[in-house]
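Just below is one structure, and these are the notes that go with it.
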Amino acid sequence: ANKTLLMLPGDGIGPEVMREVRRIIEWMDRRRSVTFRIEEGLVGGAAIDAEGTPCSDATVARAKAADAVLFGSVGGPKWDSQPFENRPELGVLRLRKELGLFANLRPALVLNPLVDASSLKPDVVRGVDIMVVRESTGGIYFGEPRGIETMPDGKRRGVDTEVYTEDEIARVARVGFDLARKRRGKMTSVEKANVMQSGRLWRAVVGEIGRAEYPDVQLEHMYADNCAMQLCSRPKQFDVILGSNLFGDLLSDLAAALTGSLGMLPSATLGAVDATSGKRHALYEPVHGSAPDIAGKGIANPCAQILSFAMLLRWSFGMEEDAALLETAVEKVLGGGLRTADIMQTGMARVGTGVMGEAVMRELEKL
Ligand code: NAI
Ligand code: MG
Numbered sequence: 003a004n005k006t007l008l009m010l011p012g013d014g015i016g017p018e019v020m021r022e023v024r025r026i027i028e029w030m031d032r033r034r035s036v037t038f039r040i041e042e043g044l045v046g047g048a049a050i051d052a053e054g055t056p057c058s059d060a061t062v063a064r065a066k067a068a069d070a071v072l073f074g075s076v077g078g079p080k081w082d083s084q085p086f087e088n089r090p091e092l093g094v095l096r097l098r099k100e101l102g103l104f105a106n107l108r109p110a111l112v113l114n115p116l117v118d119a120s121s122l123k124p125d126v127v128r129g130v131d132i133m134v135v136r137e138s139t140g141g142i143y144f145g146e147p148r149g150i151e152t153m154p155d156g157k158r159r160g161v162d163t164e165v166y167t168e169d170e171i172a173r174v175a176r177v178g179f180d181l182a183r184k185r186r187g188k189m190t191s192v193e194k195a196n197v198m199q200s201g202r203l204w205r206a207v208v209g210e211i212g213r214a215e216y217p218d219v220q221l222e223h224m225y226a227d228n229c230a231m232q233l234c235s236r237p238k239q240f241d242v243i244l245g246s247n248l249f250g251d252l253l254s255d256l257a258a259a260l261t262g263s264l265g266m267l268p269s270a271t272l273g274a275v276d277a278t279s280g281k282r283h284a285l286y287e288p289v290h291g292s293a294p295d296i297a298g299k300g301i302a303n304p305c306a307q308i309l310s311f312a313m314l315l316r317w318s319f320g321m322e323e324d325a326a327l328l329e330t331a332v333e334k335v336l337g338g339g340l341r342t343a344d345i346m347q348t349g350m351a352r353v354g355t356g357v358m359g360e361a362v363m364r365e366l367e368k369l
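Counting from 3, one number per residue, gives the positions in the sequence shown under UniProt numbering.
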C-alpha cells in the first residue's frame with residue numbers, strides 16, 4: 003500500500019527545522035526508500051494568515067486521509083492579539099481531537115555524547131532510555147464538571163474532575179504494553195490508587211490487561227509521586243512509563259529534563275486503529291514550540307524534528323531500518339563534536355541549523 007505523509011511545518015523555527023527533514027528525504031530518495039507520497043499544508047499562524055483559521059477543514063481532511071502527519075510547531079508574537087478561539091496553538095489541538103489521538107509517546111533517551119548536558123550526574127543518566135506513554139484525550143483536563151463557580155457565600159471555587167472509563171484506560175494501556183514488548187519488556191504504570199478513585203480503576207484495568215494479554219511483559223504499579231522521585235534518583239530502572247493525562251504530562255517533562263535539551267526531543271501521538279481502513283492515525287512533532295526568540299536566525303537545533311520523523315518511519319510506515327539509521331546518524335554527528343547553541347558544550351564546534359542537518363545527511367551517506 004502506498005503511504006501518504008502530510009508535512010505541516012507551521013511557524014517560527016518549524017519551517018527551518020522541517021527543511022532539514024526534507025534533506026533527509028532527499029537522501030532516502032537516493033537510496034530508493036521513499037515509498038510514500040509527500041504532501042505539505044499550512045497550520046497555525048501561517049494558516050491564519052492564508053486561510054483565516056489555524057487549521058482549516060481541508061487540512062483536517064488531508065490529515066485524516068494521510069497515514070501520518072509530521073508537525074512542526076505553531077505560534078508566535080505576530081498572532082498574540084488573535085481572539086482566543088483563533089489562536090495558532092488551536093491548530094494542533096484541533097488535529098489531536100479530530101484524529102482522536104489518545105496516546106502521547108515521549109521518549110527520554112540520554113545519548114552518550116550529551117551526558118554532560120543533563121541536569122543530573124553523568125553516572126545517574128548514562129544509558130537512560132525511557133518511553134513515557136501519556137493518555138492525552140481524557141482525564142482531569144477534560145472531565146466534567148469543570149469551571150470557576152461562585153458559591154452562595156460569594157466566594158469562588160475552581161473545579162476540575164478526573165474521569166476515566168475502563169475503555170479509555172485499556173486502549174492506552176495496550177499501546178504501552180505493545181511498546182514494552184518491542185523494547186525491554188517492562189512497564190511501570192503510575193497513578194495514585196491510594197487517594198484517587200480513577201487511580202484505583204486505572205490500576206485494576208491495567209493489571210487485568212497485563213495478566214490476560216501481556217503475561218510476558220513485566221508490569222509494575224507505582225504511585226506517581228514516588229515515580230517522580232525515582233526518575234531523579236534511579237532513572238535507569240524504567241523502560242515504559244504509563245500514566246494519565248495529568249501524571250503523564252508532569253512525568254514526561256521530568257524525564258525530558260534528564261536528557262538535556264528541548265531541541266533534541268521528539269514525540270508521537272497515536273489514535274485508534276480505524277475499523278474499516280485498518281489505519282492508525284498518528285501525528286509526530288518535536289516537544290519544543292516555535293521558539294520565536296531564535297526564529298529566523300538559522301540557529302535552531304533540527305534534531306528533535308529529525309528524530310520525530312524517525313519515529314514516524316518506525317511507527318507509521320514500518321521502516322525500522324531507516325529509522326534506526328537516522329537515529330544513529332544523529333548520534334554520530336553529536337559524537338563528532340558538532341553542537342547547535344542549545345546543546346553547546348565546551349570544546350565542541352558551534353554550528354547552525356543547516357550545517358547540523360547537512361552533517362546528519364553526510365553520516366547517513368556513510369552508513
Ligand atoms: P519553545 O519550546 O518554543 O521555546 C522554549 C525555549 O527553548 C526558547 O528559549 C527556545 O529558543 C528554546 N528552543 C526550543 N526549541 C529549540 C530548538 N529546536 N533549538 C534550539 N533552541 C530551542 O516554548 P515557548 O517559548 O514557551 O513557546 C513559544 C511559542 O511556541 C508559543 O507561541 C507557544 O504557544 C508555542 N508552542 C507550540 C507548541 C506546539 O506547536 N506544539 C508547543 C509548545 C509551545
Ligand atoms: Mg507539558
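All residues carry an ideal CB built from backbone N, CA and C; glycine is no exception.
DSSP bridge partner residues for residue i (one or two, in chain order)
i, result
"Val207", "DSSP output for Val207 lists no bridge partner at all."
"Ile243", "Val134 and Thr190"
"Thr271", "Asn106 and Leu285"
"Phe311", "Phe311 pairs with nothing; no bridge assigned."
"Leu111", "Asp131"
"Arg159", "Glu151"
"Ala70", "Leu7"
Option in the options with minimal Cα separation from residue i
i, options, result
"Leu260", "Gly102, Arg186, Met133 and Ile15", "Met133"
"Arg24", "Thr355, Ala206 and Glu193", "Thr355"
"Asp125", "Leu113, Arg136 and Val135", "Leu113"
"Ala230", "Leu248, Ala306 and Ala214", "Leu248"
"Ser138", "Lys334, Glu365 and Ala284", "Ala284"
"Asp51", "Arg34, Asp31, Gln84 and Met30", "Gln84"
"Asp59", "Glu210, Lys99, Phe179 and Ala325", "Lys99"
"Ala49", "Ala70, Lys80 and Met30", "Lys80"
"Glu53", "Met358, Gly93, Val135 and Arg32", "Gly93"
"Leu264", "Asp118, Pro115 and Cys305", "Cys305"
"Met20", "Trp204, Leu369, Glu365 and Glu360", "Glu360"
"Glu365", "Leu97, Leu328 and Ser35", "Leu328"
"Asp162", "Arg108, Ile243, Ile142 and Ile345", "Ile142"
"residue 1", "Val207, Glu222 and Trp317", "Here the chain has residues from 3 to 369 only, and residue 1 is not among them."
"Val357", "Pro11, Leu336 and Arg108", "Leu336"
"Val207", "Arg236, Lys184, Tyr225 and Thr167", "Thr167"
"residue 418", "Phe86, Glu91, Leu103 and Pro115", "For the chain, the structure presents residues 3 to 369; residue 418 sits outside this window and is missing."
"Asp118", "Asp344, Ala325, Thr330 and Gly262", "Gly262"
DSSP three-state assignment for residue i, whether helix, strand or coil
i, result
"Tyr216", "coil"
"Met350", "coil"
"Ile150", "strand"
"Lys334", "helix"
"Tyr143", "helix"
"Lys5", "strand"
"Met224", "strand"
"Ile345", "helix"
"Pro11", "strand"
"Ile50", "helix"
"Ser75", "strand"
"Phe38", "strand"
"Gly178", "helix"
"Leu340", "strand"
"Ile27", "helix"
"Gln84", "coil"
"Val94", "helix"
"Ile171", "helix"
"Leu122", "coil"
"Asp251", "helix"
"Gly298", "coil"
"Pro304", "coil"
"Leu366", "helix"
"Val62", "helix"
Sequence-distant residues of its chain with Cβ nearer than 8 Å to residue i (five each side left out)
i, result
"Gly187", "Asp218, Val219, Gln220 and Asp241"
"residue 2", "Coverage of the chain is limited to positions 3 through 369, which leaves residue 2 absent and any answer about it impossible."
"Asp227", "Lys194"
"Tyr225", "Val192, Glu193, Lys194, Ala195 and Asn196"
Cutoff 6 Å; reference residue i; Cβ partners in own chain excluding five residues on either side
i, result
"Gly78", "Asp13, Gly14, Gly47, Ser292 and Pro294"
"Tyr286", "Leu72, Ala270, Ser310, Met313 and Leu314"
"Ile150", "Arg158 and Gly160"
"Val275", "Arg282"
"Leu44", "Ala52"
"Leu121", "Per the sequence presented here, residue 121 reads as Ser, with Leu not at that position. Excluding positions up to five away in sequence, the list reads Ala259."
"Glu222", "Thr190"
"Gly74", "Pro11, Gly12, Gly16 and Met20"
"Arg108", "Val134, Ser254 and Ser269"
Own chain, CB closer than 7 Å to residue i, minus 5 neighbours either side, in chain order
i, result
"Arg202", "Ala195"
"Val36", "Ile27 and Met30"
"Thr55", "Ala49 and Asn88"
"Arg185", "Met133, Asp241 and Val242"
"Asp251", "Arg136"
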